[in-house]
Amino acid sequence: MNHLDLHVHTTASDGMFSPKDVVKMAREKALHGIAITDHDTVDGVEEALKYGKESGIMVIPGVEISTVADGQDIHVLGYYVDYTDQAFHARLREQREARQRRNVLLLKKLEDLGVRITMEEVLSKKKDQTGNAGRPHIAEVLVEKGVVQSMNEAFDKYLGKDGAAYVTTPRIRPEEAIVFIRQAGGIPVLAHPGLYQDDKLVNDLAKAGLGGIEVNHPDHDERMKLHYTQIARRFGILTTGGSDFHGERHGSMYHAPLGTCFTDLETVEKLAEKAGE
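Going by my numbering, the sequence shown opens with residue 948, and the numbers climb by one from there.
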């Protein structure tokens, strides 16, 4: 089956499974390959590449960079990045520092709402203590403390963009992430645009150098998929797909099981050809 899941998280950021384990899962699901796209880090790529080679699973080195535009988080995926590039590592380190500042402000906002959890509790939820913490780790604590009944409720009530504790911190704009990814030899793709509900942003980023738009995503309905496919065609850029796999926490799958959404091999080969242009 020539299907590749191009949006996969590991314990290097806020995923539940190690890079080795997600490669193993990809093989069990008969996927042709996966892209490792952890938040603001490429630390899981080398391990995945190693086990991908041993398992006959194509592994694409990638990243998901967190940016901010007009007061909301915008994520830019990068494929075929040079994960050994030290300048790229330095930029990603700055991104992780911004993420940590966001976490501190988020916990303060929760406390202002009468919900007190500590950073130590959040960090204890990381599967890999070298990985960076994210909102799913905070959501886990909220569930375990009985503040909410599920991960979905944690995001709906507190942590999502319409949640009472949602906060953004100064970060790079998505246009800068596009440049960073290009400079690292990669190709930038806008992640899950349906979550932003901002067509002007999508169009502006397409003009700014996007190589593709993630159309096939578990949070996109058929109308959204058609809409973003049409935008991609208008700008002559590629359409991709991925499950945004993190794994299951407290009975909730965030966002979808591995392989639920995918990209065909022909498109992946085009991504490789255009990387670094």
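Ideal Cβ positions, reconstructed from N, Cα and C, are used throughout, including at glycine. On a predicted model such as this, the values are computed, not experimentally measured, just so you know.
The alpha helix (DSSP H) enclosing residue i, as first and last residue numbers
{"i": "Ser1002", "result": "Val992 to Ser1002"}
{"i": "Glu1123", "result": "Pro1121 to Gln1130"}
{"i": "Asp1109", "result": "Element bounds for Asp1109: n/a, residue is neither H nor E."}
{"i": "Thr1116", "result": "That residue, Thr1116, is in no alpha helix (DSSP H); it is neither H nor E in DSSP."}
{"i": "Gln1293", "result": "Summary: the structure shown does not reach residue 1293, with the chain confined to residues 948 through 1224, and so no result is reported for it."}
{"i": "Thr1214", "result": "Leu1212 to Lys1221"}
{"i": "Lys1147", "result": "Asp1146 to Lys1154"}
{"i": "Ala1224", "result": "Position check: residue 1224 holds Glu in this sequence, whereas Ala was assumed. Where Glu1224 is concerned, there is no enclosing alpha helix (DSSP H), given that its DSSP letter is neither H nor E."}
{"i": "His1084", "result": "Arg1082 to Glu1091"}
Cα-Cα separation, residue i to residue j
{"i": "Thr1205", "j": "Lys976", "result": "The question names Thr, but residue 1205 in the sequence shown is Leu. Their Cα atoms are separated by approximately 8 Å."}
{"i": "Leu1106", "j": "Asp952", "result": "26 Å"}
{"i": "Gly1183", "j": "Gly1158", "result": "9 Å"}
{"i": "Arg1181", "j": "Thr1210", "result": "20 Å"}
{"i": "His1084", "j": "Ser1190", "result": "19 Å"}
{"i": "Val1015", "j": "His1202", "result": "21 Å"}
{"i": "Glu1195", "j": "Ala1179", "result": "32 Å"}
{"i": "Leu1024", "j": "Glu1216", "result": "16 Å"}
{"i": "Lys1108", "j": "Asp1166", "result": "14 Å"}
{"i": "Ile1125", "j": "Met1200", "result": "29 Å"}
{"i": "Glu1058", "j": "Gln1019", "result": "21 Å"}
{"i": "Phe964", "j": "Val1162", "result": "25 Å"}
{"i": "Asp1032", "j": "Leu1039", "result": "11 Å"}
{"i": "Lys1092", "j": "Met948", "result": "43 Å"}
{"i": "Tyr1027", "j": "Cys1208", "result": "19 Å"}
{"i": "His1197", "j": "Met1098", "result": "7 Å"}
Opening and closing residue of the beta strand (DSSP E) in which residue i lies
{"i": "Leu1070", "result": "It is not in any beta strand (DSSP E) - Leu1070 instead sits in the alpha helix (DSSP H) that spans Met1066 to Leu1070."}
{"i": "Ile1021", "result": "Gln1019 to Tyr1026"}
{"i": "Leu951", "result": "His950 to Val955"}
Residue i versus the options, residue with shortest Cα-Cα distance
{"i": "Gln1042", "options": "Lys1147, His986 and Lys967", "result": "His986"}
{"i": "Asp1075", "options": "Asp1166, Tyr1201 and Gly991", "result": "Gly991"}
{"i": "Lys1154", "options": "Glu1122, Gly1223 and His1164", "result": "Glu1122"}
{"i": "Glu1224", "options": "Glu1068, Ala1037 and Ile1128", "result": "Ile1128"}
{"i": "Ile1134", "options": "Gly1141, Leu1060 and Ile1012", "result": "Ile1012"}
{"i": "Ala1219", "options": "Val955, Met1005, Val989 and Val969", "result": "Met1005"}
{"i": "Leu1212", "options": "Lys967, Ala1112, Phe1192 and Leu978", "result": "Leu978"}
{"i": "Lys1000", "options": "Val989, Pro966 and Gly1188", "result": "Pro966"}
{"i": "Gly1078", "options": "Glu1044, Val1090, His954 and Asp1103", "result": "Glu1044"}
{"i": "Gln1130", "options": "Val1062, Ala1112, Arg1048 and Phe1035", "result": "Phe1035"}
{"i": "Leu996", "options": "Ile1021, Val970, Val955 and Lys1092", "result": "Val970"}
{"i": "Leu1053", "options": "Ile1119, Thr1176, Tyr998 and Phe1102", "result": "Phe1102"}
{"i": "Val1010", "options": "Tyr998, Ile981, Asp1017 and Ser1002", "result": "Ile981"}
Simplified DSSP state of residue i, which is helix, strand or coil
{"i": "Gly1141", "result": "helix"}
{"i": "Pro1165", "result": "coil"}
{"i": "Val1006", "result": "strand"}
{"i": "Asp1103", "result": "helix"}
{"i": "His1174", "result": "helix"}
{"i": "His986", "result": "strand"}
{"i": "Leu978", "result": "coil"}
{"i": "Leu1185", "result": "strand"}
{"i": "Val1136", "result": "strand"}
{"i": "Met963", "result": "coil"}
{"i": "Arg1063", "result": "coil"}
{"i": "Ala1016", "result": "strand"}
Contact test: residue i Cβ vs the ligand SAM heavy atom, cutoff 7 Å
{"i": "Lys997", "result": "Looking at this structure, you won't find the ligand SAM or any other ligand, since it has none at all."}
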